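Novice: In my numbering, the protein residues as written are 58 to 413.
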């Protein structure tokens, strides 16, 4: 009995293909073939059904890269290619669970097949990842080998969410938040990796990013601060590749209270309790957006986004208009808060679709 097709795969493939092509053309990367809608559909279909299977009781967490054996690097090539189907993906899952290891998928003798594993794929390579049962993300590798892949679409069951990063950029209304999250090395090698690490520890946490050389943030803290850092400095995250520093900063956010860093990502304090600045009004509403195509901006009370962490972060962003607050929820949601000068209110930007 043949496996039924995943209904959302075809619709998603038709919408993902133009996005993938546009990214590649913009970067003038036409040296390797892009997958056709039919190829994207086949990979999504196999990945989806694999996500619903178990191997020794575990859900396979697998990355499938559309790349030829010749274009990939650090390969482990199978003596006999395997068919691209849920059974093959599930069986191979335990071997490729670690990040940066991909199953290589390519047409062989007219049929898509898994030719082996690779630890190095070329820039602007299409990647499909199995995140959880029924949760699939289509991504694009970047030119910077250490940068997080760009998410193109998130599929969950029959829901298809296309990533649209132009909406939060708000070119007509620049702010400290949009500057921090603008597409570039700082976001891709520092901000998003920290957010991913904060989300991964599962305890929830807050990270406040304040201007270097300014003590204004002190006015929004309950004193004494439990764990101030006497002499900030030393290791900095201004350069890519500081994975250990990223993990260390994310680990501090697991401690009760907020972690404070400057815009050079030097730690200033952790375990800090946010309080309303003297004379400041209470935050009553925030504008909420997320980088999903067709997702409208909403105005809500901060508590609609979560609990005390979200309310405190929104208050901090209203009182400290040149700072940004990043909040990870225990349920996996992730929100960045910053002051929007055009809207004259706090802007809350839902980031979790970029972090999968």
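Even for Gly, the Cβ is constructed at its ideal location relative to N, Cα and C.
Quantities reported herein were computed from a predicted structural model and do not represent experimental measurements.
#1: Can you tell me whether residue 336 is buried or exposed? The criterion is at least 16 other CB atoms within 10 Å of its CB, across all chains shown.
#2: To the nearest angstrom, how far is it from the Cα of residue 375 to the Cα of residue 268?
#3: Return the residue from the list 69, 379, 89 and 207 that minimises the CA-CA distance to residue 236.
#4: DSSP beta-bridge partners for residue 159?
#5: Could you tell me how far apart the beta carbons of residue 161 and residue 129 are, in whole angstroms, since I believe they sit closer than 8 Å?
#6: Could you pull out every residue in the same chain whose Cβ sits closer than 6 Å to the Cβ of residue 240, ignoring the five residues on either side in sequence?
#7: Mind checking whether residue 382 and residue 395 have CB atoms under 9 Å apart?
#8: Can you confirm whether the region 66-78 touches the region 141-151 when touching is taken to mean that 3 or more C-beta pairs between the two stretches lie within less than 8 Å?
#9: Can you list, in chain order, the stretches of the alpha helix (DSSP H) that have 4 or more residues and sit fully within the region 345-400?
#10: Taking the beta strand (DSSP E) that residue 109 falls in, what are its first and last residues?
#11: Let's see if you can read the secondary structure: which residues bound the beta strand (DSSP E) around residue 189?
#12: Quick one: using the 10 Å Cβ neighbour count with 16 as the cut-off for buried, is residue 287 buried or exposed?
#13: Spatial neighbours of residue 307 within its chain, please: C-beta separation below 7 Å, excluding the five flanking residues on both sides.
#14: Quick one: give me the first and last residue of the alpha helix (DSSP H) that residue 451 is part of.
#15: Alpha carbons only, please: which of 185, 189, 325 and 177 is nearest the one belonging to residue 389?
#16: Whole angstroms are fine: how far does the CA of residue 205 sit from the CA of residue 157?
#17: Out of curiosity, what's the CA-to-CA distance linking residue 279 and residue 125?
#18: Counting Cβ pairs, one atom from each stretch, are 3 or more of them under 8 Å apart for the region 322-331 and the region 349-357?
#19: Starting from residue 51, trace the beta strand (DSSP E) in both directions and tell me its first and last residue.
#20: Taking only three categories from DSSP, how would you classify residue 339?
#21: Under 9 Å between the Cβ atoms of residue 249 and residue 412?
#22: Going by the beta-carbon positions, is the gap between residue 410 and residue 261 smaller than 9 Å?
#23: Spatial neighbours of residue 151 within its chain, please: CB distance less than 7 Å, with the 5 preceding and 5 following residues excluded, ordered by chain position.
#24: What are the partner residues of residue 405, as DSSP defines its beta bridges?
#25: Would you kindly work out how many angstroms separate the C-alpha atoms of residue 201 and residue 338, rounded to a whole number?
#26: Output the distance between the C-alpha atoms of residue 427 and residue 365, rounded to the nearest integer angstrom.
#27: Just to confirm, is the Cβ distance from residue 373 to residue 216 under 9 Å?
#28: Apart from the five residues just before and just after residue 105, which ones in its own chain have a Cβ nearer than 6 Å to its Cβ?
Specialist: Taking the coordinates as given:
#1: Flag for residue 336 reads exposed.
#2: Their backbone Cα atoms lie some 15 Å apart in a straight line.
#3: Looking only at 69, 379, 89 and 207, the smallest Cα-Cα distance to residue 236 is reached by 379.
#4: DSSP output for residue 159 lists 175 as bridge partner(s).
#5: In this structure residue 161 touches residue 129 by the C-beta definition: roughly 6 Å separates them, less than 8 Å.
#6: Around residue 240: no qualifying Cβ.
#7: In this structure, residue 395 lies closer than 9 Å to residue 382 by Cβ.
#8: No: fewer than three Cβ pairs fall under 8 Å.
#9: Taking only runs of at least 4 residues, the alpha helix (DSSP H) segments lying wholly in the region 345-400 are 365-376.
#10: Here residue 109 belongs to no beta strand (DSSP E), and DSSP marks it neither H nor E.
#11: First-last of the beta strand (DSSP E) with residue 189: 183-189.
#12: Residue 287 is exposed by the Cβ-count criterion.
#13: So the qualifying residues of the chain are 251, 254, 255 and 258.
#14: Residue 451 lies beyond the residue range present for the chain, which begins at 58 and ends at 413; the question has no answer from this structure.
#15: Cα-wise, what sits closest to residue 389 is 189.
#16: A direct Cα-Cα distance of roughly 10 Å separates residue 157 from residue 205.
#17: When rounded, the distance between both Cα atoms is 57 Å.
#18: A contact between stretches requires three or more CB pairs, one per stretch, nearer than 8 Å, and the region 322-331 fails this requirement with the region 349-357.
#19: Examination of residue 51 is not possible in this model, given that the chain is present from 58 through 413 alone.
#20: Here residue 339 sits in coil by DSSP.
#21: Between residue 249 and residue 412, the CB-CB gap stays under 9 Å.
#22: In this structure, the beta-carbon distance from residue 410 to residue 261 does not fall below 9 Å.
#23: Cβ contact annotation for residue 151 (same chain, cutoff 7 Å, sequence separation greater than five): 112, in chain order.
#24: 345 and 394.
#25: Residue 201 and residue 338 have their alpha carbons spaced roughly 43 Å apart.
#26: Any property of residue 427 remains undetermined from this structure, which presents the chain solely from 58 to 413.
#27: Not in contact: residue 373 and residue 216 (Cβ atoms no closer than 9 Å).
#28: Excluding positions up to five away in sequence, the list reads 63 and 193.
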